[in-house]
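As they're listed, the protein sequences go chains V and G. Start counting the first sequence at 1; every next residue gets the next number (full-length UniProt numbering). Start counting the second sequence at 1; every next residue gets the next number (full-length UniProt numbering). Glycine residues also receive a C-beta, built at the ideal position from the N, C-alpha and C atoms. Here's the structure we're looking at; comments come further down.
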Amino acid sequence: MRVAMTRRPALLFGVGAMLVGSLLAGCGSSSDGPAGDNGPVTLTVNLFGDFGYQDLYARYKESHPNITVKQNVTDYGAHHKNLQAHLLSGAGTADIEAIEIGQIAGFRPQAAKFVDFLGQGVRKDQWVDSKWQPATSQDGKALFGLGTDVGGLALCYRSDLLKAAGLPSDRDAVSALFTDWNSYVEVGKQFQAKSPDKNVKWFDAGSNLYNAIIGQSTRNAYDASGKVIVETNPAVKQAWDTTVAAIQAGESAGLAAFSPQWNTGFAKGQFATVTCPSWMMAYIKDNAPDTAGKWDIARIPGTGGGNWGGSYLTVPRASRHQKEAIELAKWLTAPEQEKWLFTNKGNFPSDQALWSQPEVAGYDNPFFNNAPAGKIFSESVKSLKPQILGPHQGDIGNAIGNALTTVEQGTATPDAAWKKAVADVRNIVS
Amino acid sequence: MAVMTRPRPAAAHAALPVRRYRLDTKGAPYAFVAPFFVVFGVFGLFPLVYTGYVSLTGWRADTPGSESAFVGWRNYVALWHDPFFWNAVKNTIGIGLISTVPQLLLALGVAHLLNYKLRGRTLIRMGVLLPNVTSVAAVTIIFVQLFGRDYGMVNWLLGLVGVDHVDWQAGTWTSWIAISVIVTWRWTGYNALIYLAGMQAIPFELYESAALDGASRWRQFRTITVPMLRPTILFTVIVSTIGSLQLFGEPLLFNTSQTPTTGGSQHQFQTLALYTYDQFWQKFKYGYGAAISWAMFGIIALFVAVNLVAARRMRGVDAS
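Right, here's the structure in full:
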């Protein structure tokens, strides 16, 4: 669970919205007055990106005719920023607020401002440790977030492009190619040498590769005492070196995640592989609908595990309809709905009991050449190791990602880029 | 006696309308301008002062209780030694220069052309303002597409004349040029109209007599139009300077990565406003962000002062 990143489908639009977002978000709190047990209630839900909830609200209304849900979607950065600001000012939060895993540590100091779900009949052991632990208060006594999806990693690849370069394209054979990350980089070199189209690169962006590699380590930017260890952690250095080697071998398309160029890259087939959490399946399908059947899914290289994204639903104590909001949040994260979200929207459920259920574990994705997505992602999340998270996790990951971008752009040597990253990290934490 | 006392109440009675009249003439103007000052006080002055106060604290989101930790000038001292701050100053001035100077020269030229008798003049005059009424977000998003690395139109055109693809966001100069193009595109028409208004106030007789004396159009432009426009030019220079020092939307949206507030992978186009925003709203360092805001305010004040002094000098030279 690292993560600098998360799903942000329409980034440009999102950033544009960000300029007005802070103004609009002020209107986010529940609108109507206190109501009786069955009086009409409007619940506001603030999300970033598409959680696929729209159809679920309609279904919820069938059993709860008095509840109307108003959803407000801002982009990733603005959403978390607004939530911080609204908690700070004590006004303006919605009845339900989503928080992404890369941001959750930054909200732990404010845990008391959220409803504690442990007092609401929620059992934390429905999630693995790596999912519920980050959403607890600093003393570990309260749980302020309900896990939605989880972003265990696999490797999505274009079987047609691999075949064109004379590499195996069958998913088991592809999985077998990568014993570790070095072999992934080595196979990338073969791909670059033999691929007939020299504009096709091995992977999309160095920052994504780096995040996948460091995601498999138990320690990333923070140690258990909360100290930032970027400069001394050997795992960080190793992930950096492997990524730099791959970039220098010309394997990166240099398309930053969630940029419009990245989206175009999927459609135009500018890269052959991409580190791939479950929600990415829907993202690829949305951005490159014409590539149906050309994609497939293999196991992630390395020791398995690694996480990109996944979120929590929270209910701020400032909510005027706490009872109804808690009920809706629990319903949205209940097994039945999580199952539906996976098979229809591709968000892999964080509820661990679901991982072995046939509807989830046996799900094949037709867009990805009927790859056994349920099986692959269940195995991936089972091998997830809890990673120590810190409040600036996301920003630190982004700073290193930007430094890798400068290597890709050729505007800095790896050494200079690393120094830059360190300077950025120091600027963030001090 | 009774007669003597009578006028008194009458006088007191008459004094009231007089006082009311005085209040009306002396007080009413203040009442009329009050709404502005109230709004300015709430949305301008108070935030300014409060930001000043915040800049003296060590307030940051990741440290509970830090909002009341008074640290004196420490944020400003840190700022003085912060390479990212000086980088932002450099970027702001650099982008400001290459967007403002060509822009104003271009605007002057456009205004000069619009001042001629043209067919459909009003339509054209309104047309040059169009870029300015479009939203900065929409404009920048279009330009980001145009300046795309792989499939952008600018690179496609450059490719036709044999220039290799340019990664506009990556380099310092390339990103500065691209952002300046966006700014220039949006504001040239606006400044042109202001110049045009200024030009139309210049008596036509001056041109007529100059023409009789055999002065060319260029000569007329140089020796009549430009000197007569001096106050207008001064106004646009000051407004553009302030605008370019506050440049925010364009560099923010020009960055399509996940970290729009860093101004490129190496902060190569992170302007001062962007750095303030980054520190305040992205890194949640409220005290430090506030200090950058105030430093920015100081820099803008400095620039405007330099502008004014330079303008006064110019006028002095003119008079002698």
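| Asked | Found |
| --- | --- |
| Measuring only between beta-carbons, confirm whether G:S257 sits less than 9 Å from chain V. | yes |
| Take every Cβ of the stretch 370-384 of chain V, pair it with every Cβ of the stretch 300-315 of chain V, and state whether three or more of those distances are shorter than 8 Å. | yes |
| Quick one: what's got a C-beta closer than 8 Å to V:L153's C-beta in the same chain, skipping five residues either side? | A212, G215, T275, C276, P277, I300, G305, G306, N307, W308 and S380 |
| For residue 432 of chain V, which residues in chain G fall below 9 Å Cβ to Cβ? | Given that chain V is displayed from residue 1 to residue 430, the structure contains no residue 432 of chain V and the question cannot be resolved. |
| Do you know offhand how far V:G33's Cα is from V:Q322's? | In this prediction, V:G33 has a pLDDT of 44, which is less than 50 and means its spatial position is unreliable; nothing more can be read from the coordinates. |
| Can you tell me whether V:G310 is helix, strand or coil according to DSSP? | strand |
| Helix, strand or coil for V:G16 per DSSP? | Note that V:G16 has pLDDT 39, beneath the 50 cutoff, so the model's placement of it is unreliable and no number is given. |
| Counting only beta-carbon separations shorter than 9 Å, does G:T262 have a partner in chain B? | In summary, chain B is missing from the structure at hand, where the protein chains are V and G. |
| Could you have a look at V:K70 and say whether DSSP puts it in helix, strand or coil? | strand |
| Decide yes or no for the touch test of the stretch 124-131 of chain V against the stretch 76-86 of chain V: beta carbon pairs closer than 8 Å, at least 3 of them. | no |
| Taking beta-carbon pairs under 8 Å, can you tell me which members of the stretch 280-291 of chain G lie near chain V? | W281, Q282, K283 and F284 |
| Interface residues of chain V around G:F70 at Cβ under 7 Å? | Chain V residues near G:F70: none, gap ~18 Å exceeds 7 Å. |
| Taking 9 Å as the threshold (C-beta atoms), are G:R60 and G:Y288 in contact? | yes |
| Is any beta-carbon of chain G found at less than 9 Å from that of V:P391? | yes |
| So, does the CB of G:D150 fall closer than 9 Å to a CB anywhere in chain V? | yes |
| Between G:L158 and G:Q169, what straight-line distance do the alpha-carbon atoms span, to the nearest angstrom? | 16 Å |
| Let me confirm a value: G:K285 is counted as buried when at least 16 other C-beta atoms fall within 10 Å, else exposed. Which label applies? | buried |
| Helix, strand or coil, according to DSSP, for G:G152 in the structure here? | coil |
| In angstroms with no decimal places, state the Cα-to-Cα distance between V:K294 and V:S175. | 17 Å |
| My understanding is that V:E243 touches V:G206, with C-beta atoms under 8 Å, so please give their C-beta distance in whole angstroms. | Glu is not the amino acid found at residue 243 of chain V; the sequence shown has Thr there. The Cβ separation is near 5 Å, so the contact holds. |
| Any residues in the stretch 142-167 of chain V with a beta carbon nearer than 7 Å to a beta carbon of chain G? Which ones, in chain order? | none |
| For the candidate residues G:R313, G:F303, G:G96 and G:P29, whose alpha-carbon lies nearest to that of G:W173? | G:G96 |
| Give the DSSP-derived three-state secondary structure of V:Y184 in the structure shown. | helix |
| Curious, which full-length alpha helix (DSSP H) runs of at least 4 residues does the stretch 341-366 of chain V contain? | 358-361 |
| Report back the beta-carbon spacing between V:Y210 and V:G401 to the nearest angstrom; my notes put them in contact at under 8 Å. | 7 Å |
| Closer than 7 Å between beta carbons: that is the criterion. Which residues of the stretch 229-261 of chain V meet it against chain G? | A256, A257, F258, S259, P260 and Q261 |
| Can you name, in chain order, every residue of its own chain whose Cβ lies under 7 Å from the Cβ of residue 431 of chain V, other than the five neighbours on each side? | The structure shown does not extend to residue 431 of chain V, since chain V is modelled only from 1 to 430, so the question has no answer here. |
| With a threshold of 9 Å between beta carbons, is V:K419 in contact with chain G? | no |
| With a cut-off of 8 Å, do at least 3 Cβ pairs link the stretch 213-222 of chain G to the stretch 243-255 of chain G? | no |
| Less than 9 Å between CB atoms is the rule here; does G:S265 satisfy it with respect to chain V? | yes |
| Taking only three categories from DSSP, how would you classify V:W240? | helix |
| Look up V:V429 in the DSSP assignment and say whether it is helix, strand or coil. | helix |
| What does a CB cutoff of less than 8 Å around G:G52 pick up in its chain, not counting 5 residues either side in sequence? | A290 and W294 |
| Between the Cα of G:S265 and those of V:D364, V:G397 and V:T405, spot the shortest distance and give me the residue it belongs to. | V:T405 |
| From G:I182, G:H112 and G:T223, pick the residue whose C-alpha is nearest to that of G:L196; which is it? | G:H112 |
| For V:V200 and V:Q192, I'd like the C-alpha separation in whole angstroms. | 8 Å |
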